[in-house]
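Reviewing the structure listed below.
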Amino acid sequence: MKRANTLGGLYFLIHFLVEITSFYVLTCYTPSRYVWIIMFIYDFAAFVPQGLFGYLRDKGIYVNFALCGTALTTLSLLLMIFQSNVFLIITVLSIGNCLVHVHGAELTLRASPGKMTPSAVFVSGGSFGLVTGKLLSLHNVAAPWVLALNVLTVAPILIAEKLKAGEGSENLRQYNFSDTKLNAASVIALATFVVAVRAFMGYGIPTSWNKTELQTVMLYCFMGIGKAMGGVLTDAIGIRKTAVISTLGALPFLLFGSEVMTVSLVGIAFFSMTMAITLALIVSRLQSSPGVAFGFTTIGLFLGTAPMFFFRVRSMLANCIIISVLSVLCLFILCFICAKSKPKKTELK
């Protein structure tokens, strides 16, 4: 596990750096009158093709997608510096981001013997990078500095390639988090549905306390901590207990923390654990295709966030009711498709 955890840490850093670039560029174009089109293109091109690129990785294509993705995010910054077409910049940026995600997810899943911690740590880096990129843009940090940060991504990518050992086929066969009595298609569809529902719910979480930059940083940091803890707890106490904490356990903190930052942050951390849970469920039924498995989660993310480009529920009461109902629904689904905990054997003396 030491090698797997090291790879998870390296890809945490890689994910952190690529999201700095992505959200630095996106935030620079926030004042644009086309901002909602820009964000929609980014979400679509960064999330939806991950399954396709993941399929290529699963089939053994010998291309380092992380390096290719870094080259594209670097190009997007250069295009922005030279004031190229905004839609070209966003397309290049989002595909680069997509490629880095695919490579990181596939590598960390293959490296770990049926444990979710490395992949969850990798995923968590994005939340820290997102808020950092936003702040760098808002404080008018010059693009060449961000370009230098982006190029640094090459170092941990190369180190990670040196550390990986084999194809990890035996490791993949140890992901057994779903109920084997259910067919694979049902588990994958229901887990993807949960991802979409939780992504949709995320926009309705009441955070009226969030009024300063520091508070925004705290929000994203706890989101990242929650994503990592989802993997850690799944490995430590089991997927079903973690699912209960992430859904039902998060609910009172989310509903009653609207005005109290500390209470709300606990709820956000619990809520964010779901990503590791759903990935664990899907990869358990696609053991030979970790890239495709990760692609299902990102399609779910896109489906859940897409409605926000067209309408939002503004009523706090309505949002609280939606969050409550959907949390119970997600809990029911997760308990239905998660593998039941095996009783511990006691030795007879």
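Counting from 1, position 201 in the sequence shown corresponds to residue 200 in numbering that gives the first Met the number 0; the numbering is continuous, with no gaps. Every residue, glycine too, gets a C-beta built ideally from N, C-alpha and C.
Beta-carbon gap between residue i and residue j smaller than 7 angstroms
i              : j                 : result
alanine 292    : glycine 266       : no
serine 123     : lysine 226        : yes
alanine 3      : alanine 104       : no
isoleucine 19  : glycine 95        : no
serine 177     : serine 245        : no
leucine 253    : isoleucine 204    : yes
isoleucine 156 : alanine 65        : yes
leucine 278    : alanine 195       : no
alanine 147    : isoleucine 80     : no
methionine 272 : serine 126        : no
alanine 183    : isoleucine 224    : no
threonine 107  : leucine 6         : yes
glycine 53     : valine 99         : no
tryptophan 35  : phenylalanine 295 : no
Classification of residue i by the beta-carbon crowding that lies within 10 angstroms, buried from 16 upward
i                 : result
isoleucine 332    : buried
phenylalanine 22  : buried
isoleucine 88     : buried
valine 324        : exposed
glutamine 49      : buried
lysine 348        : At lysine 348 the pLDDT is 39, less than 50, meaning the model places this residue with poor confidence; the figure from the coordinates comes in the next sentence. Flag for lysine 348 reads exposed.
threonine 29      : exposed
lysine 114        : buried
arginine 197      : buried
phenylalanine 310 : exposed
isoleucine 236    : exposed
asparagine 149    : buried
tyrosine 10       : buried
tyrosine 202      : exposed
arginine 172      : exposed
threonine 345     : Reliability of the predicted coordinates at threonine 345 is poor, the pLDDT of 44 falling under 50, and no value is obtained from them.
lysine 339        : exposed
asparagine 175    : exposed
lysine 210        : exposed
proline 51        : According to the sequence shown, residue 51 is leucine rather than proline. The residue in question, leucine 51, is exposed, as its Cβ has fewer than 16 Cβ neighbours within 10 Å.
proline 342       : With a pLDDT of 49 at proline 342, under the threshold of 50, the modelled position of this residue cannot be trusted, and the question is left open.
glycine 230       : buried
asparagine 170    : buried
serine 168        : exposed
serine 75         : buried
asparagine 84     : exposed
Nearest residue (CA-CA) to residue i, options the options
i                 : options                           : result
threonine 26      : His138, Met315 and Leu328         : His138
serine 207        : Gly256, Ala3 and Ile40            : Gly256
cysteine 334      : Ala190, Ala235 and Phe309         : Ala190
arginine 32       : Phe86, Lys1, Leu330 and Phe301    : Phe86
valine 312        : Thr261, Met217, Leu218 and Met200 : Met200
glycine 59        : Leu316, Thr73, Pro289 and Gly299  : Pro289
valine 37         : Ile320, Cys220 and Ala305         : Residue identity differs from the one stated: residue 37 is isoleucine in this sequence, not valine. Considering only alpha carbons, the answer is Ala305.
methionine 0      : Ser118, Trp144 and Asn175         : Ser118
cysteine 329      : His100, Ala242 and Tyr54          : Ala242
glycine 299       : Val34, Phe46 and Trp35            : Phe46
methionine 260    : Cys220, Ser93 and Gln286          : Cys220
isoleucine 322    : Leu247, Gly125 and Phe308         : Leu247
phenylalanine 39  : Ser93, Leu71 and Leu76            : Ser93
phenylalanine 192 : Arg56, Lys210, Thr215 and Met274  : Met274
threonine 179     : His100, Leu74 and Ile336          : Ile336
proline 251       : Lys240, Phe295 and Phe270         : Phe270
alanine 44        : Cys97, Val24, Ser185 and Gln82    : Cys97
aspartate 57      : Gln82, Glu166 and Leu181          : Glu166
Enclosing alpha helix (DSSP H) for residue i [first to last residue]
i                 : result
valine 193        : 183–201
histidine 102     : 85–110
arginine 32       : Careful: arginine 32 lies outside any alpha helix (DSSP H) and carries neither H nor E.
phenylalanine 397 : Only positions 0 to 348 of the chain appear in the structure, and residue 397 is not among them; the question remains open.
glutamine 173     : That residue, glutamine 173, is in no alpha helix (DSSP H); it is neither H nor E in DSSP.
tryptophan 377    : Because the chain is modelled from 0 through 348, residue 377 falls outside the range shown and cannot be assessed.
threonine 69      : 64–80
lysine 180        : No alpha helix (DSSP H) contains lysine 180, which DSSP labels as neither H nor E.
cysteine 334      : 315–336
glutamate 166     : Element bounds for glutamate 166: n/a, residue is neither H nor E.
glutamate 160     : 153–162
alanine 141       : Per DSSP, alanine 141 belongs to no alpha helix (DSSP H) and is neither H nor E.
alanine 242       : 238–243
arginine 284      : 273–284
threonine 246     : No alpha helix (DSSP H) contains threonine 246, which DSSP labels as neither H nor E.
proline 289       : 289–304
glycine 128       : 116–137
phenylalanine 310 : Taken as a continuous stretch (DSSP letters only), phenylalanine 310 belongs to no alpha helix (DSSP H), as it is neither H nor E.
valine 259        : Per DSSP, valine 259 belongs to no alpha helix (DSSP H) and is neither H nor E.
CB-CB length for residue i against residue j, believed under 8 angstroms
i              : j              : result
valine 62      : leucine 78     : Contact flag wrong, Cβ pair sits at about 23 angstroms.
glycine 68     : valine 120     : With 8 angstroms as the limit, glycine 68 and valine 120 do not qualify as a contact, their Cβ atoms being about 19 angstroms apart.
threonine 233  : isoleucine 276 : 6 angstroms
isoleucine 13  : threonine 116  : Actually they do not touch by this definition, with Cβ atoms about 17 angstroms apart.
methionine 217 : leucine 162    : Contact doesn't hold; Cβ gap of about 33 angstroms is too wide.
Short CB-CB distance (under 7 angstroms) between residue i and chain B
i              : result
isoleucine 156 : Annotation note: the requested chain B is absent from the structure, which comprises a single protein chain.
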